[in-house]
Amino acid sequence: MARFGCFSIRTVCRSCGLPVPVNGPVLTLACTECFDEMRLTPDTLAGFMNDFEEEYEGLSEGEGRSGTLMGGDGTFNYTYHRISPRCGSCGKSLEISSPAENSAFRCGGCGKLYHVAAVPEEYAKEVPSARFSITPEPLPESAAGKADENNGKKPEKPVVMACPQCGVALSLTAAAGRITGCRYCGAEVYVPDPVWLRLHPVKTAEDWIVWFEGKNRKQLESERRVKDLEEEKAELKAWRLRKGPAKRKGRFWPILAVIGGFFVVLIGFSLVLSYLGYEPEQIRSVMSRIGKPLDFPRH
Ligand SMILES: [Zn+2]
Ligand SMILES: [Zn+2]
Ligand SMILES: [Zn+2]
Numbered sequence: 100m101a102r103f104g105c106f107s108i109r110t111v112c113r114s115c116g117l118p119v120p121v122n123g124p125v126l127t128l129a130c131t132e133c134f135d136e137m138r139l140t141p142d143t144l145a146g147f148m149n150d151f152e153e154e155y156e157g158l159s160e161g162e163g164r165s166g167t168l169m170g171g172d173g174t175f176n177y178t179y180h181r182i183s184p185r186c187g188s189c190g191k192s193l194e195i196s197s198p199a200e201n202s203a204f205r206c207g208g209c210g211k212l213y214h215v216a217a218v219p220e221e222y223a224k225e226v227p228s229a230r231f232s233i234t235p236e237p238l239p240e241s242a243a244g245k246a247d248e249n250n251g252k253k254p255e256k257p258v259v260m261a262c263p264q265c266g267v268a269l270s271l272t273a274a275a276g277r278i279t280g281c282r283y284c285g286a287e288v289y290v291p292d293p294v295w296l297r298l299h300p301v302k303t304a305e306d307w308i309v310w311f312e313g314k315n316r317k318q319l320e321s322e323r324r325v326k327d328l329e330e331e332k333a334e335l336k337a338w339r340l341r342k343g344p345a346k347r348k349g350r351f352w353p354i355l356a357v358i359g360g361f362f363v364v365l366i367g368f369s370l371v372l373s374y375l376g377y378e379p380e381q382i383r384s385v386m387s388r389i390g391k392p393l394d395f396p397r398h
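Residue numbers (the numbering used here): 100 to 398.
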């Protein structure tokens, strides 16, 4: 059965220090203030998802955890909780019984658009039970996200402001820098906040949902451990069976060699005696005396 987790995460831009929302299981983030692009290692967000999965059984609807995490990728403020999927804007429950990869649907209550995408491979590797993400913004790595990015590159409607020095109309687009030169008087014009925000709307942290299904990482790991242990035991057993008889044989061989050697010496000795002209009777009497300790058969 599917399990749903709602996540809301914010981090801080590594260049300008302003908050940057993390609105989905993404691998890159762009600061809307300084345009610096940050790459995320999957560890941080995957950690939140795995923590949620491990806590899932103990959580009731709406329960979860929030906190701050400081790691290699920066500082993250996070909130996650267990939910049955509902719209972040109007609260109406979302019908997502059969998610299709790279699809989009609208909330039945307020019409807000949601994008469904397979959890990126980098995250799926770390969180084996994470299947789909349901995000208000398309994931930049998904097909919808790439299309959205291409749209974003088209020139937007310009915003017009008057040059503070000469009063001539300056037409600004999103491509303009925070400080822009006036084409007429050459003055360096600092774009005021209201105009700048109009050109670069601040992204807010929005809730996103992860669809989890199947065994979570911890369950898979403990299963693997049990399997490994069983395999190790079986291997050890097989090894003992292989080694056992050989070992006993090994202990037996030196004794056989000693006894064999003794008889070889006796036979050699009797041959030498007969060669020297001893009668068989005399040899037998010598042999019986030598063989006494071994209880050699005598007449
Ligand atoms: Zn920044
Ligand atoms: Zn809604
Ligand atoms: Zn001017």
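Don't be surprised by glycine CBs; every beta carbon is placed ideally from N, CA and C.
Quantities reported herein were computed from a predicted structural model and do not represent experimental measurements.
With distances taken between CA atoms, Arg316 lies nearest to Glu152 out of Gly170, Asn201, Glu152 and Cys105. When DSSP states are grouped into helix, strand and coil, Arg181 belongs to the strand group. Looking from the CA of Thr131, the closest CA among Ser228, His299 and Lys256 belongs to His299.
Assignment of Thr140 by DSSP, reduced to helix, strand and coil, places it in the coil class.
Proximity to ligand 2 was defined by a C-beta distance below 6 Å to any of its heavy atoms, and the residues meeting it, in sequence along the chain, are Cys186, Ser188, Cys189, Lys191, Cys206, Gly208, Cys209 and Lys211. The secondary-structure analysis by DSSP pairs Val357 with nothing; it has no beta-bridge partner.
Of all residues, those with a beta-carbon under 6 Å from at least one heavy atom of ligand 1 are Cys112, Ser114, Cys115, Leu117, Cys130, Glu132, Cys133 and Asp135, reported in chain order. Going by beta carbons, Asn201 and Ser232 fall outside the 8 Å limit. Judged by pairs of C-beta atoms under 8 Å, the region 166-175 touches the region 134-151, as three or more such pairs exist. The beta strand (DSSP E) runs lying completely inside the region 177-241 and spanning 3 residues or more are 202-205, 212-217 and 229-234, given in chain order. Between Ala275 and Met148, the C-beta spacing is not below 8 Å.
A straight line joining the alpha-carbon of Thr272 with that of Lys224 spans about 40 Å.
Judged by the Cβ position, Val259 fails to qualify as a neighbour of ligand 3 at the 7 Å threshold, every heavy atom of the ligand being at least this far.
Under the three-state reduction of DSSP, Phe368 is assigned to helix.
Inclusion of Thr234 and Gly123 in the CB contact set at 8 Å is warranted, their separation being smaller than that value. Per DSSP, the continuous alpha helix (DSSP H) segment holding Val294 begins and ends at Asp292 to Leu298. Taking one beta carbon from each stretch, the region 204-211 and the region 283-290 have fewer than 3 pairs nearer than 8 Å; the two do not touch. Residue Trp307 holds the alpha-carbon nearest to the alpha-carbon of Ser107 among Trp307, Ile366 and Ala337. Straight-line spacing of the CA atoms in Leu340 and Asp327 works out to 20 Å. Under the DSSP definition of a beta bridge, Phe106 partners with Tyr179 and Trp307.
With a 10 Å radius around the Cβ and a threshold of 16 neighbouring Cβ atoms, Thr127 comes out exposed. Distance check between Arg383 and each of Ser369, Tyr374, Gly376 and Thr279 places Ser369 closest, using alpha-carbon atoms only.
Using a 10 angstroms sphere on the CB of Val259, the tally of other CB atoms stays under 16, which defines it as exposed. DSSP lists Thr178 as the bridge partner or partners of Ser165. Here Val218 has Pro124, Val226, Ala229, Arg230, Phe231, Ser232 and Val309 as same chain residues with Cβ atoms under 8 Å from its own Cβ, once five neighbours each way along the sequence are excluded.
Here DSSP, grouped into helix, strand and coil, assigns Glu320 to helix. Beta-bridge partners of Gly173 (DSSP): Gly170. When beta bridges are read from the DSSP output, Thr279 appears opposite Val288. Per DSSP, the beta bridge partners of Val258 are Leu271. Using a Cβ distance threshold of 8 Å, Ser183 and Ser192 count as a contacting pair.
In the DSSP assignment, the residues bridged to Ala129 are Glu136.
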